[in-house]
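Note that the sequence shown covers residues 26 to 616 in the working numbering.
Cβ atoms here follow ideal geometry from the backbone N, Cα and C, with glycine treated the same way.
Source: prediction; values computed, not measured.
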Amino acid sequence: MSTAVVAAVTLPLLMSPVVSAAGREDDDESSRATRLYVPPPDRESYRQVARLAWRGDFRDSAGLLAMVRTPQAIWYGDETPEQVERLVRRTTLSAAWQGKLPVLTLYNVPGRDCGSYSSGGANGIAAYEAWIDAVADGIGDRQALIVLEPDSLALLPSDCAAAADPDPAGQTDQTDQTGQTDPAAQTDQNDQADQNDQADQNDQTGQADQTGQAAADEPPAAGEQPAELPPLPDAHASTAPPAGSAAPGTAQEAAQPANPQPTAPQPTGPQPTDPPSTGPQAPGQQSTSPQTPAPDLSASQSPAPDPSASQSPAPEPSAAQPSTLPELPPLPKPDPVTPDPDGATGTSDPTDVTDTPEVEDPETAARYSEINYAVDVLTALGHTAVYLDAGHAGWHSVSSIVPRLIKAGIDRATGFALNVSHYQTDQDSAWYGRLISSCLAYADEGGDPEDCADQRWSKRHARRWLRAHVPGDSSRMKHFVTDTSRNGRGPWIPRLGAHVDAEPWCNPPERGLGRRPTTHTGDPLLDAALWVKTPGESDGRCLRGTDGPLDPERGTVNPEAGEWFPEQALELVRYAEPAVGVIRRTTGPRH
């Protein structure tokens, strides 16, 4: 269909008050929030809008059009320095002319995505530094919010070997939902004395525990023991390390290392971030780091004992046996962590969080050097807010991701970004972000990140640690942004045993759009909810452990990472939470 025909069909929709009402979700907050830039949509998205309208499917057509006209991040990666400088200059000039803040996602770090669906990146440190210099030249003295290299820290080169060797029995996708816990462990929760703990209702960061209910018994911070000891943790709880990433111009993907054996294996998933290949647009955000001048985004914003390992007794010696038999090795001890019954794990899916052991090697050392260089160059511009990769709540523990952020220069950056191209709920991301920010502040005062409260702890024990170790002033803490582009229904939980490697982060079915982009979040540490991943763009072929070419979950050949995926785009609109409104509501009481 020619561009002229597409324009002729879509023009009435573009002018329609119905779509206008659907497309501007944060108009009510325009006086309080920074206006975010809407980049030109993918041409394939407009072709799909036109096809739907042509056959009379006006509701889906209007909903899809509203989606692509919502502020989104613009991904850059794989371009030459000359190309990226020109494109970034064009975007920032356009945004400045409209008085809006562009969100730029930079995705060109060498060795990105461990060579998976979104593999690629610059050819070495020198090439990457030249590329970053070109991006900085393109921005100049204009404002920009930068999400720097998704998956670059959550999926280090030292993680790639584990990510490339999935364990069919228990491991999985790259960055989203790995290491699920034994459901039986989630029943360890009857501490009656905790259920109405008044001290839990107000923690140091100013947030209240609305329910006043006690969370499941979790180990408190290192060196601290609750007055009432909780029941012993389930000896069968398991953990598993995830990994994942996406490439600019592609989708996202990252493999994960194998999980320890759970008592009742459940589908798990890694978490990659997938960047749109040509996606333009990003939501604005505000920096709160005193070291980093950034655009003003908003006027106002509001150990429990280990279970004993069992050993098989040595048989009695007999005539047929030697007098001494070799002693059998003890069975491995599980991680002594008891999940919180009401979500103390920090994730809404039954996955547990595990850490990929970090091994310092030349590639990993180079990765830290590259990210530090980018932080220094981009923050020196004076009008940019720079957020580093911190994965998501279902991936690394707090004590695992915080040292990586520190090595990458978080002290000089504005903050960190969570859930890029993933599906964790807003509640889980906000809690995880708060714990990371608190741990960074604790480490900045000389504390050991290993002692920090973790998303696997019960909320009660974590809040107790926060009250004891975290400053009450949020301005002294690092802020963060979250990606809400596809998390309306939370993570996808694959059917047990349905796939060798479920890849729950890769084009999962029946997911929906999440919270609309805004810098008016109501959380003093959350600078903005953004659509970082371009909704409607594929995460990759998603072979899920098979030889392909079909995605065994969908029964189709998925587009390459970063290409427009019409079927998924429609799902995101139809399953959106909150729903995409396509009818203007009249004022007055509801019946």
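Trp589, DSSP secondary structure in three states | As a first step, residue 589 is located in the sequence shown; it is residue number 564 there, counting from the start. Assignment of Trp589 by DSSP, reduced to helix, strand and coil, places it in the strand class.
Would you kindly work out how many angstroms separate the C-alpha atoms of Trp556 and Gly149, rounded to a whole number?
-> For the purposes of this step, residue 556 is taken as residue 531 along the sequence shown, with counting starting at 1. For the purposes of this step, residue 149 is taken as residue 124 along the sequence shown, with counting starting at 1. Each residue's Cα considered, the two are about 30 Å apart.
Does the beta-carbon of Ala405 have 16 or more other beta-carbons within 10 angstroms, so that it is buried, or is it exposed?
-> Counting from 1 along the sequence shown, the entry for residue 405 is found at position 380. Around the CB of Ala405, fewer than 16 other CB atoms lie within 10 Å, so the residue is classed as exposed.
Candidates Ala121, Pro516 and Gln123: closest to Gly419 by CA position = As a first step, residue 419 must be located in the sequence shown, where it is residue number 394. Gly419 has its Cα closest to that of Pro516, out of Ala121, Pro516 and Gln123.
When the Cα of Pro135 is compared with those of Glu596, Leu90 and Leu181, which residue comes out closest?
-> For the purposes of this step, residue 135 is taken as the residue at position 110 of the sequence shown. From the listed residues Glu596, Leu90 and Leu181, the smallest Cα separation to Pro135 is found for Leu181.
Is the number of C-beta pairs between the region 422-429 and the region 465-476 that are closer than 8 Å three or more?
-> Yes: at least three Cβ pairs fall under 8 Å.
Does DSSP put Ala78 in a helix, in a strand, or in coil?
-> Residue 78 sits at position 53 when you count from the first residue of the sequence shown. Helix, per DSSP.
Answer yes or no: do Ala442 and Val400 have a C-beta to C-beta separation smaller than 8 Å?
-> Working through the sequence shown from its first residue, we reach residue 442 at position 417. Working through the sequence shown from its first residue, we reach residue 400 at position 375. Result no, Cβ atoms of Ala442 and Val400 do not sit closer than 8 Å.
By Cβ distance, which residues of its chain are closer than 7 Å to Gly573, with the 5 residues on each side in sequence left out?
-> Translated into the one-based positions of the sequence shown, residue 573 becomes position 548. Excluding its 5 nearest sequence neighbours in each direction, Gly573 has C-beta neighbours in its own chain below 7 Å: Arg566, listed in chain order.
Within 10 angstroms of its Cβ, does Leu551 collect 16 or more other Cβ (buried), or is it exposed?
-> By 1-based counting over the sequence shown, the position of residue 551 is 526. With 16 or more neighbouring CB atoms inside 10 Å of its own CB, Leu551 falls in the buried class.
Does DSSP put Ala415 in a helix, in a strand, or in coil?
-> Walking along the sequence shown from the start, residue 415 turns up at place 390. Of the three classes helix, strand and coil, the one that applies to Ala415 here is coil, per DSSP.
Runs of beta strand (DSSP E) lying entirely within the region 127-160, each at least 3 residues, in chain order | Fully contained in the region 127-160 are the following beta strand (DSSP E) runs of length 3 or more, in chain order: 128-131.
At which residues does the beta strand (DSSP E) containing Val427 begin and terminate?
-> Here residue 427 refers to the residue found at position 402 of the sequence shown. The continuous stretches of beta strand (DSSP E) do not include Val427, which lies in the alpha helix (DSSP H) extending over residues Val423 to Lys432.
Distance, Pro542 Cα to His447 Cα = In the sequence shown, residue 447 corresponds to position 422, counting from 1. In the sequence shown, residue 542 corresponds to position 517, counting from 1. Rounded to the nearest angstrom, the two C-alpha atoms are 15 Å apart.
Nearest to Tyr393 (by Cα), restricted to the options Glu154, Ser143, Ala553 and Ala91 = Within the sequence shown, the letter at position 368 stands for residue 393. That would be Glu154, whose Cα lies nearest to the Cα of Tyr393.
Going by DSSP, name the residue or residues bridged to Ile171.
-> Translated into positions along the sequence shown, residue 171 becomes position 146. For Ile171, which the question treats as bridged, DSSP gives the partners Leu129 and Val411.
Residue range of the alpha helix (DSSP H) that Ala627 falls in?
-> This structure cannot settle anything about residue 627, because the visible part of the chain is limited to 26 through 616.
Does the Cβ of Asp85 have 16 or more other Cβ atoms within 10 Å, making it buried, or fewer, making it exposed?
-> The residue labelled residue 85 in the question sits at position 60 within the sequence shown. Counting the other Cβ atoms within 10 Å of the Cβ of Asp85 gives 16 or more, which makes it buried.
Assign His494 to one of three DSSP states: helix, strand, or coil.
-> What you label residue 494 is simply residue 469 of the sequence shown in a count that begins at 1. Helix, per DSSP.
Any idea which residues DSSP pairs Leu555 with across the strands?
-> Here the question's residue 555 lines up with position 530 in the sequence shown. Per DSSP, the beta-bridge partners of Leu555 are Asp508.
Look at Val402 and Ile171 and say whether their C-beta atoms are less than 8 Å apart.
-> Counted from its first residue, the sequence shown places residue 402 at position 377. Counted from its first residue, the sequence shown places residue 171 at position 146. Result no, Cβ atoms of Val402 and Ile171 do not sit closer than 8 Å.
Looking only at C-alpha atoms, which of Pro584, Gly81 and Ser141 sits nearest to Asp176?
-> Counted from its first residue, the sequence shown places residue 176 at position 151. Considering only Pro584, Gly81 and Ser141, the residue with the shortest C-alpha distance to Asp176 is Ser141.
Ends of the beta strand (DSSP E) at Trp100?
-> Your numbering for residue 100 matches position 75 in the sequence shown. From DSSP, the beta strand (DSSP E) with Trp100 extends over Ile99 to Tyr101.
State the Cα-Cα distance for the pair Arg94 and Thr117, rounded to the nearest angstrom.
-> For this step, residue 94 is matched to residue 69 along the sequence shown. For this step, residue 117 is matched to residue 92 along the sequence shown. So the two alpha carbons sit approximately 18 Å from each other.
Whole angstroms is fine: what's the gap from Ala601's alpha carbon to Pro529's?
-> By one-based count along the sequence shown, residue 601 stands at place 576. By one-based count along the sequence shown, residue 529 stands at place 504. If you draw a straight line from the Cα of Ala601 to the Cα of Pro529, it is about 18 Å long.
Is the beta carbon of Ser463 sitting closer than 8 Å to the one on Leu491?
-> If you number the sequence shown from 1, residue 463 lands on position 438. If you number the sequence shown from 1, residue 491 lands on position 466. The answer is yes: Cβ separation under 8 Å.
Would you kindly report the start and end of the unbroken alpha helix (DSSP H) that includes Ala91?
-> Within the sequence shown, residue 91 is the residue found at index 66, counting from 1. From DSSP, the alpha helix (DSSP H) with Ala91 extends over Phe83 to Val93.
Range of the contiguous alpha helix (DSSP H) that encloses Cys464 = Within the sequence shown, the letter at position 439 stands for residue 464. Start and end: Asp451 to Asp469.
Hey, could you find the ends of the alpha helix (DSSP H) Ala401 is sitting in?
-> Residue numbering aside, residue 401 sits at position 376 when the sequence shown is read from its first letter. For clarity, residue 401 is Asp in the given sequence; the question names Ala instead. Pro387 to Thr404 is the extent of the alpha helix (DSSP H) around Asp401.
Does the distance from the CB of Leu112 to the CB of Ala169 come in under 8 Å?
-> In the sequence shown, residue 112 corresponds to position 87, counting from 1. In the sequence shown, residue 169 corresponds to position 144, counting from 1. Leu112 places its beta carbon 8 Å or farther from that of Ala169.
Three-way DSSP call (helix, strand, coil) for Asp576 in this model | Reading the sequence shown from its first residue, position 551 is the one you call residue 576. Reduced to three states, the DSSP call for Asp576 is strand.
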